[in-house]
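See structure below.
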Amino acid sequence: MAKIGINIVTGSLQQAEVIVGIDLGTTNSLVATIHPDTKRPIALKEFDNSSLVPSIVHFDSFGNASVGEEAKKFLETEPQNTIFSAKRLMGKSYNDVKTNAGFFTYKVIDDNTDSLVKVQVGNQFYSPIDLSSYILKELKKRAEHILKTPVTKAVITVPAYFNDAQRQATRDAGKLAGLDVLRIVNEPTAAALAYGLGLEKDEEKTIAVYDLGGGTFDVSILHITSGIFEVLSTNGDTYLGGDDFDRLIIQYWLKEIGLSEEEMHGNKQLAQTLRLVAEEAKKHLSKQERFEFDLSTITNYELRITANNLLLTTYNLQLTTEKFNELIQPLIEKTINSCVNALKDADLKATDIDTIVMVGGSTRVPAVKNAVSAFFGKPVNDSVNPDEVVALGAAIQADILAGNNKDFLLLDITPLSLGLETMGGLMDVLIPRNSKIPTKVGRQYTTYQDGQSGMRISVFQGERDLVKDNRKLAEFNLTGIPGMPAGLPKVEVGFLINADGILVVTAKELRSGVQQSIEVKPQYGLTDAEVEKMLMDSITHAKDDIQTRALVEARTEGEQLLNVTEKFLTKNAGLISKEELLVTAQAMQALQLAITMEDKNLIQTKTEELNEVTRPFAERAMDEAISGAMKGQNIMG
Ligand code: AMP
């Protein structure tokens, strides 16, 4: 959008600011903008006529970085200093990625300082944020070169399932690359925008965005009403994509030519050639029925010698569409399974989906398109280049932010519930899972000890009733609460999730005004699989959890009553008759015993009995302020 304007005060020429849209992908990245004349989004292409910049960073022996096609050349020959898929490491701890450690050919290490991973190249250490910033710098350079104007503002897309830490990391990478990241937008939302969905005033639609890229797959269900985008659910597999199709082809060919995987890996050049030919075959088969390649025609002399020495049963690599479809069928089925789950989460049927949007290079495979269309029972939308569609949508969003388009509100959802730890280690949910964001909620809590001057605010994410089964995101202490009897302080805890999906937690004691807030940057993120596991666990344990919660609540109530009664007795000994004292002591003992026995029903009965016994004299003399403050309040340690 390089618009030229004239400053009417000075008469000088001035350029309208350029805000670009960036798709920072796992395999490829690209930058797009709105064409000043056509007003349509375009992906920016360099002289190589490709808009795609491989998301790969290579470091030479002096530590100089190269990015994109230049870096891709070293993928096979210098695997330890050629970093691909850095996006998978964004906001992750070593724990999060260790099960997939074999996937990375470079050194991923645990960084003790903030428990996030780093990548080691020689004796240099790079965070995923550093690595992503190299890619973003390259895209910025490309945009500035083509648009011939400085580019400092961008909208960057992230997968809908990215958590706070991953979104924040993406934002930080942008900052490091010299970009002011105006908005982080969900990829499916951007893809929908690129199809012009939601641009009509009274339009109401439910759409599915099916995104199968090089290494990742996800499907999102979006609801659009009058320009409001709402992600209803999201599902997928972060280790499934077109690269797996290539791998299946290679495995098939290895069998055909009589070579083991070890033999292939023992020869880096052969491995690289097979990978490239397999990808070529896959792309070819998207249009033709048959692919053939003669290994003995390899021009690379060294490779030819090796190939000839390997005594292969055949040098002819063949593949038909039929065979290819058969190879990838299980993977396609996996993606359809995710569609089933996404619909289930959104509480919808396949027939409720009005439009299906295809994203990612691998959706060019006809068998993929056919399976998705058969599942939803209607043709898919694939007219926009699936590699560019997300970046194009990001450019539209950038245009909206620049004020050149009518204003849209983009609503997203939280993948897991967010809440606080309350007495007894219970999870008190403030923002339930699948809530729309941006969102803001507040809830009041109080203290349970006289003169309590601090309150620990522990923030958790998850669906289980006990915080120990959920994931801790952050913790801080609200200090400086002036001495007051238990139950008197009013601590208002606020959860705010902004449009980027970043959570800010505030705590304020309303009587004294002391307050504290924290921007939650979780120590480590959650993988898709982990989110799914947490949800599954919550379903499996739902019955146990309800019982545990009921017990903890009964116990907390019982303990509180014991506490209050004891205090009351000490304070008001003179007001109570000997008989009253005796029955009260007995009722207290019975309640204490029930608590020790962890018998919920018994605790409730004994609590009720103690209440009955103490009610007459409590009514007589109980401190109004304390009782008033204690009633109906949430208590935290
Ligand atoms: P993306 O991550 O969206 O850039 O997708 C890249 C993936 O799409 C790679 O696995 C490519 O091999 C694959 N791809 C690109 N073009 C085609 C095509 N014509 N047919 C099949 N797969 C393709």
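Going by this note's numbering, the first residue of the sequence shown is number 311, and it counts up by one from there. Think of the CB as a built atom: it goes at the ideal place given N, C-alpha and C, for glycine as much as any other residue.
My output table needs one value for F686: the three-state DSSP class, helix, strand or coil. Helix.
What three-state label does DSSP hand H533 in the structure shown? strand
Per-residue burial, V328 [other beta carbons within 10 Å of its own, 16 or more giving buried]: buried
Using a Cβ-Cβ cutoff of less than 7 Å, which residues in the same chain neighbour P460 once the five nearest sequence positions on both sides are dropped? E454
Does the separation of the CB atoms of D521 and V675 fall below 8 Å? Judged by beta-carbon spacing, V675 lies beyond the 8 Å limit of D521, meaning their Cβ atoms are not closer than that value.
Going by DSSP in three states, V541 sits in which element: helix, strand or coil? Look at V541 here: in three-state DSSP terms it is strand.
Pull up the distance between the alpha-carbon of E510 and that of I534, whole angstroms please. When rounded, the distance between both Cα atoms is 10 Å.
If you drop the 5 nearest sequence neighbours on each side, which residues of the same chain put their C-beta closer than 7 Å to that of G729? M737, D738, V739, L740 and F770
How far does the alpha helix (DSSP H) with A252 in it extend, from its first residue to its last? In the structure displayed, the chain extends from 311 to 947; residue 252 sits before or after that span and is not available.
Identify the residues that DSSP records as bridge partners of I466: which are they? I332 and I494
Of the residues L489, I439, R493 and L903, the one placed nearest I710, counting alpha carbons only: R493
Do I517 and L532 have their beta-carbon atoms positioned less than 8 Å apart in this structure? yes
Under 8 Å between the Cβ atoms of P364 and N391? no
Quick one: is G525 buried, meaning 16 or more other Cβ sit within 10 Å of its Cβ, or exposed? buried
Mind reading off the beta-carbon distance from D775 to R859? Whole number of angstroms is fine, and I expect it under 8 Å. 4 Å
Where I439 and L362 are concerned, what is the direct C-alpha to C-alpha distance, given to the nearest angstrom? Distance between the alpha carbons of I439 and L362: 20 Å.
Do G488 and K463 have their CB atoms nearer than 8 Å? Contact: no.
Quick check: the region 846-860 against the region 875-887, are there 3 or more CB pairs under 8 Å? no
Determine whether the beta carbon atoms of P748 and S727 lie at a separation below 8 Å. Going by C-beta atoms, P748 is not nearer than 8 Å to S727.
Beta-carbon contacts of P351 that lie in its chain and below 6 Å, excluding the five residues immediately before and after: A342, I344, L702, A705 and I706
Starting from R766, follow the beta strand (DSSP E) in both directions and report where the run begins and ends. M765 to Q771
Suppose contacts are defined by Cβ-Cβ distances below 8 Å. Is I419 in contact with Q434 by that definition? no
With DSSP run on the structure shown, which of helix, strand or coil describes Q430? strand
To the nearest angstrom, how far is the alpha carbon of A712 from that of V427? 35 Å
Would you call the region 547-559 in contact with the region 578-597, where contact means no fewer than 3 C-beta pairs closer than 8 Å? yes
Nearest-angstrom Cα distance between L507 and N808? 23 Å
Using only the alpha-carbon positions, how far apart do S827 and L892 sit? 48 Å
Cβ-Cβ distance between A708 and G335 below 8 Å: no
Whose C-alpha, out of S570, N911 and L457, is nearest the C-alpha of P346? L457
What distance in whole Å lies between the Cβ atoms of D779 and G790, which are believed to be in contact at a cut-off of 8 Å? Not a contact, Cβ separation roughly 32 Å.
Taking DSSP as the reference, what is the three-state secondary structure of F414? coil
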